[in-house]
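Trainee:
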Amino acid sequence: MAEHSDPSREGSRDVRLHVLAVVIFGLLAWSGVVGLAQDAPALAVPSLIVGVAGAVRALSTVTGLLPAGGIARGVAGGATLLAAIAALTTGLVLAPDGTDRGFVLAVSAVLAAALAAYAVLGGPVRRPAGAS
Numbered sequence: 013m014a015e016h017s018d019p020s021r022e023g024s025r026d027v028r029l030h031v032l033a034v035v036i037f038g039l040l041a042w043s044g045v046v047g048l049a050q051d052a053p054a055l056a057v058p059s060l061i062v063g064v065a066g067a068v069r070a071l072s073t074v075t076g077l078l079p080a081g082g083i084a085r086g087v088a089g090g091a092t093l094l095a096a097i098a099a100l101t102t103g104l105v106l107a108p109d110g111t112d113r114g115f116v117l118a119v120s121a122v123l124a125a126a127l128a129a130y131a132v133l134g135g136p137v138r139r140p141a142g143a144s
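Counting in the numbering used here, the sequence shown runs from 13 upward without gaps.
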């Protein structure tokens, strides 16, 4: 017996998930700012890049500024992927020598991978037919 899901419920679920993404990426950006204030740029800068790029992408998706398809969505996804590459590269360049290097590289890689995954998988909010 197949269950049919209500499109309005799916749309509200999508909105909630993108709002959660705004909060998570916003916290990452905030931790980057705090890290810069505490003189820890190797971890702070990648966190700031990922946080700002992810929050902007998620916020534009939630507010409807990012269209459901077309060139604008592709450009937004490409820009988000470029930000992920920039975060990884920045972590690589700023990683200190010594025992902390591996940790900083791993954190930068995980943050960049999370942003790249959101760029690819964080599609537009599905709105029910007739909704504006």
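From the three backbone atoms N, C-alpha and C, an ideal C-beta is built for every residue, glycine too.
Could you round the C-beta distance between A126 and V62 to whole angstroms and report it? I think they count as a contact, below 8 Å.
Mentor: About 7 Å separates the two Cβ atoms, so the contact holds.
Trainee: Looking only at its own chain, which residues have a Cβ that is under 7 Å from the Cβ of A33, when we skip the five neighbours before and after it?
Mentor: The residues are G66, A70, Y130, G134.
Trainee: Under 8 Å: do the segment 104 to 122 and the segment 37 to 50 share three or more Cβ pairs, one atom per stretch?
Mentor: The segment 104 to 122 vs the segment 37 to 50: no contact.
Trainee: Identify, in the order they occur along the chain, each residue of the same chain with its Cβ nearer than 6 Å to the Cβ of A56, setting aside the five sequence neighbours on each side.
Mentor: Counting only Cβ-Cβ distances below 6 Å, and skipping sequence neighbours, we find G44, G47, L48.
Trainee: Is the CB-CB distance between V132 and G89 below 9 Å?
Mentor: Yes, the pair counts as a contact, with Cβ atoms nearer than the cut-off.
Trainee: Where R28 and G76 are concerned, what is the direct C-alpha to C-alpha distance, given to the nearest angstrom?
Mentor: So the two alpha carbons sit approximately 14 Å from each other.
Trainee: So, at 7 Å on beta carbons, what are the nonlocal neighbours of L93 in its own chain, with the 5 sequence-adjacent residues on each side left out?
Mentor: So the list reads A128, A131, once near-sequence residues are dropped.
Trainee: Figure out for me which residue from L117, V35, A121, D26 has the closest Cα to the Cα of T68.
Mentor: Contrary to the premise, residue 68 reads as Val rather than Thr in this sequence. Minimum Cα distance to V68 is reached at V35.
Trainee: Identify which residue in L60, P53, A41, S72 has its Cα closest to the Cα of L30.
Mentor: The sequence shown places His at residue 30, rather than the Leu named in the question. When each option's Cα is compared against that of H30, the closest is S72.
Trainee: Out of A124, P53, F115, which one is the CA nearest neighbour of L106?
Mentor: If we check each option's Cα against that of L106, P53 comes out closest.
Trainee: Classify A84: buried if its beta carbon has 16 or more other beta carbons within 10 angstroms, exposed otherwise.
Mentor: Looking at its Cβ environment, which holds fewer than 16 other Cβ atoms inside 10 Å, A84 is exposed.
Trainee: Among A124, L104, S59, which one has its Cα closest to the Cα of L39?
Mentor: Of the listed residues, the one whose Cα sits closest to L39 is S59.
Trainee: Looking only at its own chain, which residues have a Cβ that is under 7 Å from the Cβ of L117, when we skip the five neighbours before and after it?
Mentor: If we look at L117 and ignore the five residues flanking it on each side, its Cβ neighbours are G103, L104, A107.
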